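Note that the numbering used here numbers the sequence shown so that position 16 is 22, with each residue one more than the last.
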Amino acid sequence: MRWAGAYSLIGPAAIEALSIFVLDRLFLGVTGMDPKRGATIIEPEEAAMLRAMVRQAREVTAVAGSSKMGMVIPAVICPPRDIDLLITDDGMSDEASRTFAAHDIHVIAV
7 MRWAGAYSLI GPAAIEALSI FVLDRLFLGV TGMDPKRGAT IIEPEEAAML RAMVRQAREV
67 TAVAGSSKMG MVIPAVICPP RDIDLLITDD GMSDEASRTF AAHDIHVIAV
């Protein structure tokens, strides 16, 4: 567990528990999204948990505002090749959208 009252579980026990599930679709809220490094987040322990989820998912959707594009935060969740869809806001540049599309990531701006 993270801390009392957090109602969350991370760490080896949580990662082991995930191994028995197959996820049809995983939505990742990320802190940074970079076309070379992929999806990143601040906490390494949380990144490890999310990596386990990515391994079990049939489809991975990253959700990040346009201000997160090009940002690389210390803990990598997964490389771009593991992401199928990126949902962002309409502030993302056409160039950034093309860059992610070149990595076979479908981009939806809402």
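All C-beta atoms, glycine included, are put in the ideal place defined by N, C-alpha and C.
Quick caveat: nothing in here was measured; it's all calculated off a predicted structure.
Give the straight-line distance between the Cα atoms of residue i and residue j, rounded to the nearest whole angstrom.
i, j, result
"V78", "D40", "6 Å"
"E52", "G38", "14 Å"
"V69", "A23", "25 Å"
Which residues bound the alpha helix (DSSP H) around residue i?
i, result
"D100", "D100 to A108"
"M55", "P50 to Q62"
Count the other CB atoms within 10 Å of the CB of residue i; is the residue buried (16 or more) or exposed (fewer)?
i, result
"V116", "exposed"
"I114", "exposed"
"A58", "buried"
Any beta carbon of chain D sitting closer than 8 Å to that of residue i?
i, result
"L15", "Within the model displayed, chain D is absent; a lone protein chain is all it includes."
Leaving out the 5 sequence neighbours to the left and right, which residues in its chain are closer than 8 Å to residue i when beta-carbon positions are compared?
i, result
"R64", "V28, L29, D30 and R31"
What are the partner residues of residue i, as DSSP defines its beta bridges?
i, result
"D40", "G44"
"V66", "L32"
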